[in-house]
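Since the structure comes first, as structure tokens, the remarks are kept for the end.
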Amino acid sequence: MLQGTGSNVGKSILVAGLARAARNRGIAVAPFKPQNMSNNAAVTADGGEIGRAQALQALAAGLQPHVDMNPVLLKPESETGAQVVVQGKRHSTVKAREYGDLKADLLVPVLESYRRLRSSHDLVLVEGAGSPAEVNLRKGDIANMGFAQAADVPVVLVGDIDRGGVIAQLVGTRAILDPGDAERIKGFIVNKFRGDPALFADGCRIAEDKADWRGFGILPWFQNAWKLPAEDALDISETEEGDCHVVCLRFDRIANFDDLDPLAQEASVRLTMLAAGQAIPGDADLVILPGSKSTRGDLAFLKEQGWEIDLQAHARRGGQILGICGGYQMLGRTINDPAGIEGPPGSTKGLGLLDVETEMTAQKRLTETPARHVATNADFLGYEIHKGRTTGPDTARPFAVTAGGPDGATSPDGKVSGSYFHGMFRDDGFRADFLRSLGHKPSGLSYAATVDGTLEELARHMETHLDLDSLLALAQ
Numbered sequence: 000m001l002q003g004t005g006s007n008v009g010k011s012i013l014v015a016g017l018a019r020a021a022r023n024r025g026i027a028v029a030p031f032k033p034q035n036m037s038n039n040a041a042v043t044a045d046g047g048e049i050g051r052a053q054a055l056q057a058l059a060a061g062l063q064p065h066v067d068m069n070p071v072l073l074k075p076e077s078e079t080g081a082q083v084v085v086q087g088k089r090h091s092t093v094k095a096r097e098y099g100d101l102k103a104d105l106l107v108p109v110l111e112s113y114r115r116l117r118s119s120h121d122l123v124l125v126e127g128a129g130s131p132a133e134v135n136l137r138k139g140d141i142a143n144m145g146f147a148q149a150a151d152v153p154v155v156l157v158g159d160i161d162r163g164g165v166i167a168q169l170v171g172t173r174a175i176l177d178p179g180d181a182e183r184i185k186g187f188i189v190n191k192f193r194g195d196p197a198l199f200a201d202g203c204r205i206a207e208d209k210a211d212w213r214g215f216g217i218l219p220w221f222q223n224a225w226k227l228p229a230e231d232a233l234d235i236s237e238t239e240e241g242d243c244h245v246v247c248l249r250f251d252r253i254a255n256f257d258d259l260d261p262l263a264q265e266a267s268v269r270l271t272m273l274a275a276g277q278a279i280p281g282d283a284d285l286v287i288l289p290g291s292k293s294t295r296g297d298l299a300f301l302k303e304q305g306w307e308i309d310l311q312a313h314a315r316r317g318g319q320i321l322g323i324c325g326g327y328q329m330l331g332r333t334i335n336d337p338a339g340i341e342g343p344p345g346s347t348k349g350l351g352l353l354d355v356e357t358e359m360t361a362q363k364r365l366t367e368t369p370a371r372h373v374a375t376n377a378d379f380l381g382y383e384i385h386k387g388r389t390t391g392p393d394t395a396r397p398f399a400v401t402a403g404g405p406d407g408a409t410s411p412d413g414k415v416s417g418s419y420f421h422g423m424f425r426d427d428g429f430r431a432d433f434l435r436s437l438g439h440k441p442s443g444l445s446y447a448a449t450v451d452g453t454l455e456e457l458a459r460h461m462e463t464h465l466d467l468d469s470l471l472a473l474a475q
């Protein structure tokens, strides 16, 4: 199990690289994260959802994503509450205080999923969440040491030298942990080193002496990590060059934003993730309203930033607008939530750029579906992960058609469109045709091949700089 001295120290990427390295050694390996908190989810073949990072790790391991790889997924809907997804299905929506009481019950399905993976693979690589040093959360813990103790799993601690103070991160974690938990840690990795790792050899020895743990290596900064799907919207790589300027509104509760990763790698695309308080640039070719975990809440956020006025001006200039899932719902006339599915019951006036309206429904749609984009006639494979049903005159001009019927809507002038499909830009053919429809030339990027090649590069990087033989020997 890889645990971190804090959040965003690189655990997810390390598990992916270690999974690919193990697979290359002929080991049947599977990823596992007991509890994840993320609004960036992936749809599994069995009709559930897991964290996007675990889907990437499954790809690294040569597997299809499965709900057992992330049995508890927390999807924040407000500052104090989150939707709880258990083994791929919605379990409940709870406040933070209520979740503490729920954790003891959730350890049962967590261990069930882990044991199923363990019984069918040679190696299970477990990723912790946050840090075990958050000892105030130790009671009932299922994400870090609570799981490690219950499942009898050895732990390696990951420290992030890029943020500074890595010796204190490691030694401080040892000092604050319960002795039984500290004993479970077998060593550490120093991650994200910039420059010559030999320069930190003395620091690594000091950390070993002070913490009484062995070091498994110093891993230099992996330059091409940006080519892998981002788990956090803040990690999406903006690009400063390219003739086609694509602007994405960074909502407060942005969700399922993997549509943007392929666009960031297109040579002809300049991608801007617009932060709160920034105006929509006047030279934008396409403005994307992405998915949201709180559609009405993020619609209010959008209006607070003045983006409603900017979008109207962009539309008058003849600019293209694409709403995806929650962003599609915002483009309509109204969003009705009489049952309070996403918050307090009520209705919210939409942007009015599409003549449609949405009613929130309790049932969530989770499916991966082949579709054909009407405007370009290009095929793609997308996935749906949403609540709500959208109807209205503009749905007579659908964004896409599937074997099960039409999807989305388009304005009469064809400049504003919305779709419930995520992941469409991962399809090279569709992405190329879509960029051509905007008047720009695609680069010929093979996105899937780029991701796979980057995973191979990451595995070699870890083989070169870490003692993987000793790491793998820890597995019981």
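Quick note on numbering that gives the first Met the number 0: the sequence shown kicks off at 0 and runs consecutively.
Quick reminder that beta carbons are idealized off the backbone N, C-alpha and C, glycines included.
On a predicted model such as this, the values are computed, not experimentally measured, just so you know.
| field | Minimum length 3: unbroken beta strand (DSSP E) runs contained in the region 46-88 | value | 48-50, 71-75, 80-85
| query | Between which two residues does the alpha helix (DSSP H) harbouring threonine 308 extend? | reply | Translated into positions along the sequence shown, residue 308 becomes position 309. Before going further, note that residue 308 is isoleucine rather than threonine in the sequence given. Its alpha helix (DSSP H) spans residues 306-315.
| Given aspartate 284, which residues of its chain have a CB within under 6 angstroms of its CB, disregarding the five upstream and five downstream residues? | Residue numbering aside, residue 284 sits at position 285 when the sequence shown is read from its first letter. Excluding sequence neighbours, aspartate 284 sits near Cys243, His244, Leu437.
| query | Excluding sequence positions up to five away, which residues of its chain have a Cβ less than 8 angstroms from the Cβ of proline 397? | reply | Here residue 397 corresponds to residue number 398 of the sequence shown, with the count starting at 1. For proline 397, where only same-chain residues beyond five positions count, the Cβ hits under 8 angstroms are Val373, Pro405, Asp406, Gly407, Ala408, Thr409.
| said: Does asparagine 35 pass the burial test, meaning 16 or more other C-beta atoms within 10 Å, or should it be called exposed? | reply: Here residue 35 refers to the residue found at position 36 of the sequence shown. Its Cβ being crowded by 16 or more others within 10 Å, asparagine 35 is buried.
| field | At least 3 beta-carbon pairs within less than 8 angstroms: the region 460-469 vs the region 26-46 | value | no
| query | When burial is assigned at 16 or more other CB atoms within 10 Å of the CB, is asparagine 223 buried or exposed? | reply | In the sequence shown, counting from the first residue as 1, residue 223 sits at position 224. When all chains shown are included, asparagine 223 counts as exposed.
| task | Any chance you could list the beta strand (DSSP E) runs of at least 3 consecutive residues sitting entirely within the region 370-409, in chain order? | result | 378-390, 399-401, 404-406
| task | Enumerate in chain order the residues of its own chain whose CB-to-CB distance from alanine 132 is below 6 angstroms, with the five nearest sequence positions on each side excluded. | result | Numbered from its first residue, the sequence shown carries residue 132 at position 133. Excluding sequence neighbours, alanine 132 sits near Thr172, Ile175.
| Taking arginine 24 as the reference, which of Gly61, Leu365, Leu116 has the closest Cα? | In the sequence shown, residue 24 corresponds to position 25, counting from 1. The option with the nearest alpha carbon to arginine 24 is Gly61.
| Own chain residues within Cβ distance below 7 angstroms of glycine 202, not counting five before or after | For the purposes of this step, residue 202 is identified with residue 203 of the sequence shown, where counting begins at 1. The answer, listed in chain order, is Ile166.
| request: Locate the beta strand (DSSP E) running through lysine 185, then write down its first and last residues. | output: For the purposes of this step, residue 185 is identified with residue 186 of the sequence shown, where counting begins at 1. Taken as a continuous stretch (DSSP letters only), the beta strand (DSSP E) holding lysine 185 covers 184-192.
| query | By Cβ distance below 8 angstroms, which residues in the same chain neighbour phenylalanine 199 in space, the five residues on each side in sequence not counted? | reply | Reading the sequence shown from its first residue, position 200 is the one you call residue 199. Result list for phenylalanine 199: Ile160, Val189, Phe192, Ile217, in chain order.
| query | Near tyrosine 419, what residues of its chain come up, given a Cβ to Cβ distance below 7 angstroms and the 5 sequence neighbours on each side ignored? | reply | Against the sequence shown, residue 419 aligns to sequence position 420. Closer than 7 angstroms at Cβ, skipping near neighbours: Cys324, Tyr327, Glu383, His385, Asp406, Gly407.
| Roughly how far, in whole angstroms, is the beta-carbon of leucine 471 from the beta-carbon of alanine 21, given that I think they are within contact range, below 8 angstroms? | Locating residue 471 in the sequence shown gives position 472, counting from the first residue. Locating residue 21 in the sequence shown gives position 22, counting from the first residue. Yes, they are in contact, since the Cβ atoms of leucine 471 and alanine 21 sit about 7 angstroms apart, within 8 angstroms.
| message | Pull the bridge partners of cysteine 247 from the DSSP assignment, please. | response | Position 248 of the sequence shown, counted from the first residue, corresponds to residue 247. Cysteine 247 is bridged to Met272, Ile287.
| message | Please give me, in chain order, every unbroken run of the alpha helix (DSSP H) with length at least 4 that falls completely inside the region 80-146. | response | 95-119
| Is isoleucine 235 helix, strand or coil by DSSP? | One-based indexing of the sequence shown puts residue 235 at position 236. If DSSP states are grouped into helix, strand and coil, isoleucine 235 belongs with coil.
| In terms of residues, what are the limits of the alpha helix (DSSP H) holding methionine 329? | Locating residue 329 in the sequence shown gives position 330, where the first residue counts as 1. Looking at the DSSP string, the run of the alpha helix (DSSP H) that includes methionine 329 is 325-330.
| query | Applying the criterion that 16 or more other CB atoms from any shown protein chain within 10 Å of the CB defines a buried residue, is glutamine 86 buried or exposed? | reply | As a first step, residue 86 is located in the sequence shown; it is residue number 87 there, counting from the start. Glutamine 86 comes out buried.
| Exposed or buried, what is aspartate 257 when buried is set at 16 or more other beta-carbons lying within 10 Å of its beta-carbon? | One-based indexing of the sequence shown puts residue 257 at position 258. Buried.
| query | Identify the residues that DSSP records as bridge partners of glutamine 222: which are they? | reply | If you number the sequence shown from 1, residue 222 lands on position 223. Answer by DSSP bridge pairing: none, since glutamine 222 is not bridged.
| Three-state secondary structure assigned by DSSP to aspartate 297 | Translated into positions along the sequence shown, residue 297 becomes position 298. Helix at aspartate 297.
| Relative to the alpha-carbon of glutamate 151, which residue among Lys185, Pro441, Asp297, Cys247 has its alpha-carbon at the smallest distance? | Within the sequence shown, the letter at position 152 stands for residue 151. Per the sequence presented here, residue 151 reads as aspartate, with glutamate not at that position. Per the Cα distances, Lys185.
| field | Limits of the unbroken alpha helix (DSSP H) element including glutamine 277 | value | Residue 277 sits at position 278 when you count from the first residue of the sequence shown. Element bounds for glutamine 277: n/a, residue is neither H nor E.
| From threonine 463 to glutamine 475, what does the alpha carbon distance come to, in whole angstroms? | Position 464 of the sequence shown holds residue 463. Position 476 of the sequence shown holds residue 475. When rounded, the distance between both Cα atoms is 24 angstroms.
| query | Under three-state DSSP, which class holds serine 346? | reply | As a first step, residue 346 must be located in the sequence shown, where it is residue number 347. Serine 346 falls in the strand class under three-state DSSP.
| field | Under the three-state DSSP convention, the category lysine 440 falls into | value | Against the sequence shown, residue 440 aligns to sequence position 441. In the three-state DSSP reduction, lysine 440 falls in the coil class, being neither helix nor strand.
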